[in-house]
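Let me begin by presenting the structure, written as structure tokens, before commenting on it.
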Amino acid sequence: MGFWNRSGTAAATKNVDWEALSLLSRKGELLAALKTAGASFTPDDLEEMLARYAKKLAYVPKDYADALLDSARIQIVDGYHRMMTAELADVHANMRLFGSWKEFANDAAVRTTGKRLAVLKHLIAAYTMYIADSPAHPVGTPFPGGYAVELHEGVYYCPVRAVQGEVDATLCRFCPAVQSRERDLVLTREQREFVERGEKLENYFFNYHG
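Going from the sequence shown to the numbering used here is simple: count from 1 and add 81.
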């Protein structure tokens with residue numbers, strides 16, 4: 082694939098100009114800048130990120146650790162490939178970035194200085210959250226208690242969205258996902274869909290005036 086850096090990892094140590102990125106306001110121009118910055122990384126960078134994450138899971142029960150690592154691979158490897166191959170239609174390229182973009186970029190500038198893999202992590206997160214409008218943690222990412230990130234009727238729900246200080250806070254506070262509703266945490270998906278069908282029918286009968 083043509084977007085890989087084939088000259089080794091040295092070029093990847095260069096810091097991204099997050100201040101310049103913070104001044105961008107449209108999805109198309111941000112995507113172009115992310116691709117330019119992302120092109121200096123190698124497959125080894127992605128594998129190193131995964132290896133470091135796997136080490137953090139050394140004392141986590143194997144089944145749970147395997148599920149987390151699968152989600153991390155989607156987040157990191159798949160996220161990078163989507164960023165580097167994405168193309169936007171004109172109507173999407175001209176869409177304005179969410180208001181928190183400038184804050185994200187300024188925060189990234191502080192957290193990534195001199196840290197090659199931190200730069201890569203934030204580039205992927207920037208694409209995922211501000212271009213693809215998806216949560217930093219992909220759908221299906223498991224969390225303690227048997228809960229997971231979900232997509233339901235066009236809305237992303239995360240069981241730990243409100244616990245910003247405890248779970249990857251530097252990304253969570255910018256994430257487009259919303260906190261899972263109480264029903265999401267106590268009912269199965271089938272039970273929730275049954276309840277919601279009833280609510281829609283009730284709303285129709287009480288509010289339809291056609």
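All C-beta atoms in this analysis are idealised placements derived from N, C-alpha and C, irrespective of residue type, glycine included.
| Identity of the residues DSSP links to residue 229 by a beta bridge | Checking the DSSP bridge columns, you'll see residue 229 partnered with 223.
| task | Put residue 256 into one of helix, strand or coil per three-state DSSP. | result | Of the three classes helix, strand and coil, the one that applies to residue 256 here is coil, per DSSP.
| query | In terms of residue numbering, what span does the beta strand (DSSP E) encompassing residue 236 cover? | reply | Unbroken beta strand (DSSP E) run through residue 236: 236-239.
| request: List the DSSP bridge partners of residue 177. | output: Residue 177 pairs with 107.
| 6 Å Cβ shell around residue 181 - same chain, five flanking residues per side excluded | Same-chain partners within the cutoff: 255.
| task | Given a cut-off of 7 Å, decide if residue 150 and residue 135 are closer than it, judged by their beta-carbon atoms. | result | Taking 7 Å as the Cβ cut-off, residue 135 and residue 150 qualify as a contacting pair.
| query | Thinking C-beta only, is residue 199 closer than 7 Å to residue 210? | reply | No, Cβ-Cβ distance for residue 210 and residue 199 is not below 7 Å.
| Is residue 176 near residue 116, with beta carbons less than 7 Å apart? | No, the pair does not count as a contact, with Cβ atoms beyond the cut-off.
| Pairwise C-alpha distance: residue 253 and residue 124 | Residue 124 and residue 253 have their alpha carbons spaced roughly 26 Å apart.
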